[in-house]
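Using UniProt numbering, read the sequence shown as starting at 1 and increasing by one per residue. Let me begin by presenting the structure, written as structure tokens, before commenting on it.
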Amino acid sequence: MSMRVSASDGVKVYNICSGKAVPQWLSESKKKSLKKNEEYRRRLELLQDLKFPAACQRIKVTPDQQYIFATGYHPPQAKVYDLANLALKFDRHLDSEVVDFQILSEDYSKAAFLCADRTVCFHARFGSYHKTRVPRAGRDLAYCPFTAELLVAGSAPEVWRISLAEGRYMTPLPCRSPAINAT
1 MSMRVSASDG
11 VKVYNICSGK
21 AVPQWLSESK
31 KKSLKKNEEY
41 RRRLELLQDL
51 KFPAACQRIK
61 VTPDQQYIFA
71 TGYHPPQAKV
81 YDLANLALKF
91 DRHLDSEVVD
101 FQILSEDYSK
111 AAFLCADRTV
121 CFHARFGSYH
131 KTRVPRAGRD
141 LAYCPFTAEL
151 LVAGSAPEVW
161 RISLAEGRYM
171 TPLPCRSPAI
181 NAT
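Here it is as structure tokens:
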């Protein structure tokens, strides 16, 4: 969906129905020539169904920049949006509120969600794959693709390492702080 913006008397007015969508069958050379068109460059495109019943907590873009992950609560859920079609790809309801999440693949096919009930939920393209419990409440999640480890920081003086290649916890990284607050 595209939208026309007009500013009369300094007030912007957005017309949601006026713009024309670019056909998918249009050749690449024609699409590149449109980038010089001022009307085409100034248009806005809206993402359909980008809403949550209460609030959205976190939003991240996949490394290939084709999808957007968003998490919200009441009820706890995760949604994936397809940027090529500007529409909702799928949504999943979770058992507990999402504290943080990491996208584990280039596209939307693998993700890990750190939940408020001390679980890390692994999701694949088809749905929920596995859950594991962390020793204490987690506050932040990081992914190291070189070692295939998921790092969980929380209310403890250590960082827990989950090896995704071996499917087990590794020796935690010690810290001097009594707890780790990271964002």
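Backbone N, C-alpha and C define an ideal beta-carbon position, used for all residues, glycine too.
What three-state label does DSSP hand E45 in the structure shown?
Of the three classes helix, strand and coil, the one that applies to E45 here is strand, per DSSP.
Tell me which residue opens and which closes the beta strand (DSSP E) that S163 is part of.
Here the beta strand (DSSP E) through S163 covers 158-163.
With H, G and I counted as helix, E and B as strand and the rest as coil, what does DSSP make of S33?
Residue state, collapsed to three classes: helix.
Measuring from the CB of L94, is there a heavy atom of the ligand ZN at a distance below 7 Å?
Ligands in the displayed structure: none, and consequently the ligand ZN is not present.
Kindly indicate which residue of Y129, V98, F90 has the alpha-carbon position closest to the one of G167.
With distances taken between Cα atoms, G167 lies closest to Y129.
For the beta strand (DSSP E) containing V80, list its first residue and its last residue.
Its beta strand (DSSP E) spans residues 77-82.
Straight-line CA distance for R118 to D140?
Cα to Cα, R118 sits roughly 11 Å from D140.
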